[in-house]
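A short write-up of the structure that comes next.
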Amino acid sequence: MPAIQELPIELLAYALTLALIVHPCPSHILCVCKRWEAIATPTLHKDIRLTHISQLEALTKSTGSTQRNPPAPTSITFAKTINESYRMFSKIQSLFQAINLSNLEVVKVNVHSARGDASVFDALKLINPLIFEWLAPDSKNQVSLSITGTAVRAFVLACATRWTRLQRIKLTGLTCADDSIFDAFDGAVQPNLTHIEIGQAIEVKPVSVVSTLARLPNLVEAKLVDVYMDSIWGKRLRMEDLRNAFEARKKNPALKKENEGELVWSDVSQKMKCLVQEQRLQGGDRGEDMEVD
Numbered sequence: 123m124p125a126i127q128e129l130p131i132e133l134l135a136y137a138l139t140l141a142l143i144v145h146p147c148p149s150h151i152l153c154v155c156k157r158w159e160a161i162a163t164p165t166l167h168k169d170i171r172l173t174h175i176s177q178l179e180a181l182t183k184s185t186g187s188t189q190r191n192p193p194a195p196t197s198i199t200f201a202k203t204i205n206e207s208y209r210m211f212s213k214i215q216s217l218f219q220a221i222n223l224s225n226l227e228v229v230k231v232n233v234h235s236a237r238g239d240a241s242v243f244d245a246l247k248l249i250n251p252l253i254f255e256w257l258a259p260d261s262k263n264q265v266s267l268s269i270t271g272t273a274v275r276a277f278v279l280a281c282a283t284r285w286t287r288l289q290r291i292k293l294t295g296l297t298c299a300d301d302s303i304f305d306a307f308d309g310a311v312q313p314n315l316t317h318i319e320i321g322q323a324i325e326v327k328p329v330s331v332v333s334t335l336a337r338l339p340n341l342v343e344a345k346l347v348d349v350y351m352d353s354i355w356g357k358r359l360r361m362e363d364l365r366n367a368f369e370a371r372k373k374n375p376a377l378k379k380e381n382e383g384e385l386v387w388s389d390v391s392q393k394m395k396c397l398v399q400e401q402r403l404q405g406g407d408r409g410e411d412m413e414v415d
């Protein structure tokens, strides 16, 4: 039987890929020899998942201090266990600046934003993902604003001006108080956007939701999960609220925004879902008459 080093590169790459999955410290495999390092490094960096702040900092530092080609991942995930820094997005920005973003398609962020953190936009403007998720790192039955009002406006600016390839997006734990979040989505900027999910959101205006549907002709599905029209102690948003907003727009054209196409109620009812997923431990609108996600 030939030594492993004598295997065809295709078989060796397959074997190393399996080893990277099961090894408790995958980077150790790269230290065996230069050939293994050359073969395994692109695989190791294809789907990056960072679970601790030290990993983020080490990857940024090692990439910035080497003359080799920087990692070119297709996906990168910032897990909720990484959420240990007040200025997380400043560190995320530094990483985005250090790596090769040309192949990046999927970005998943599971961290809190800090009020007044100007680096949110500076980080998000560097990417142009196909799929983007920003999820609240909260435990079950808790609802908090992981995406602050400042962060929402920064996200909107990046999404509405830079993200031309976006296909799917999911946001949870945010405030829609200034009504700007829905300005991020426009068929003229994101013609390929087909799926939107917004969860655990407060102060959502039904008329803004309907307006968004009118600006996205290629949208397939929009899900509003645990979304409230006021605070979390107020009323959940339901399909009947969207119907009332739809009728109000027909009577008052001033409620419509630019770049809106023709919209009929059947499109709204077919594409939109208002769902219940989590309940507060006590009180609030239980959504017992709504569909469960």
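The working numbering applies: residue 123 is where the sequence shown begins, and numbers increase by one. Heads up, the beta-carbon is just placed ideally off N, CA and C, and yes, glycines get one too. It should be emphasised that the depicted structure is a prediction, and the values quoted were computed from it without experimental measurement.
Examine the ligand FMN and report whether any of its heavy atoms sits within less than 7 angstroms of the Cβ of residue i.
{"i": "LYS357", "result": "Looking at this structure, you won't find the ligand FMN or any other ligand, since it has none at all."}
With DSSP as the reference, label residue i as helix, strand or coil.
{"i": "ILE221", "result": "coil"}
{"i": "PHE307", "result": "coil"}
{"i": "GLY406", "result": "coil"}
{"i": "ALA344", "result": "strand"}
{"i": "GLY321", "result": "strand"}
{"i": "GLU413", "result": "strand"}
{"i": "VAL386", "result": "coil"}
{"i": "LEU140", "result": "helix"}
{"i": "VAL326", "result": "coil"}
{"i": "MET351", "result": "coil"}
{"i": "GLN399", "result": "coil"}
{"i": "ALA135", "result": "helix"}
{"i": "ILE249", "result": "coil"}
{"i": "GLU128", "result": "helix"}
{"i": "MET123", "result": "Bear in mind that the predicted position of MET123 carries a pLDDT of just 41, short of 50, making it too unreliable to give a figure here."}
{"i": "GLN312", "result": "coil"}
{"i": "LEU377", "result": "helix"}
{"i": "ASP239", "result": "coil"}
{"i": "ASP260", "result": "coil"}
{"i": "ARG365", "result": "helix"}
{"i": "LEU338", "result": "coil"}
List the residues that DSSP assigns as beta-bridge partners of residue i.
{"i": "PHE200", "result": "LEU172, VAL231"}
{"i": "LYS372", "result": "Its beta-bridge partners do not exist; DSSP assigns none."}
{"i": "MET394", "result": "ALA344"}
{"i": "GLU255", "result": "LYS230, LYS292"}
{"i": "ARG358", "result": "TYR350"}
Please state whether the Cβ-Cβ distance between residue i and residue j is less than 8 angstroms.
{"i": "ASN225", "j": "ALA245", "result": "no"}
{"i": "PHE368", "j": "VAL326", "result": "no"}
{"i": "ILE324", "j": "ALA344", "result": "no"}
{"i": "ILE204", "j": "THR185", "result": "no"}
{"i": "TRP285", "j": "ASN340", "result": "no"}
{"i": "TRP256", "j": "LEU293", "result": "yes"}
{"i": "PHE218", "j": "LEU248", "result": "yes"}
{"i": "ARG287", "j": "LEU338", "result": "no"}
{"i": "PRO259", "j": "ALA220", "result": "no"}
{"i": "LYS393", "j": "VAL342", "result": "yes"}
{"i": "VAL311", "j": "ASP415", "result": "no"}
{"i": "THR165", "j": "THR139", "result": "yes"}
{"i": "GLU413", "j": "LYS395", "result": "yes"}
{"i": "THR270", "j": "PHE307", "result": "no"}
{"i": "PHE254", "j": "ILE291", "result": "yes"}
Please check if any C-beta of chain D sits within less than 8 angstroms of the C-beta of residue i.
{"i": "LEU397", "result": "Judged by its chain identifiers, the structure shown contains no chain D, having just a single protein chain."}
At what residue ranges does the segment 142–198 contain a whole run of the beta strand (DSSP E), taking only runs of 3 or more? You should have 169–172.
Count the C-beta pairs between the segment 169–182 and the segment 137–157 that are closer than 8 angstroms, then say yes if the count reaches three, no if not. no
Three or more C-beta pairs closer than 8 angstroms, one from the segment 279–286 and one from the segment 341–359: is that the case here? no
Pair every Cβ in the segment 296–305 with every Cβ in the segment 268–276, then say whether three or more of these pairs are closer than 8 angstroms. yes
Ranges of the beta strand (DSSP E) found wholly within the segment 264–302, counting only runs of at least 3: 290–297
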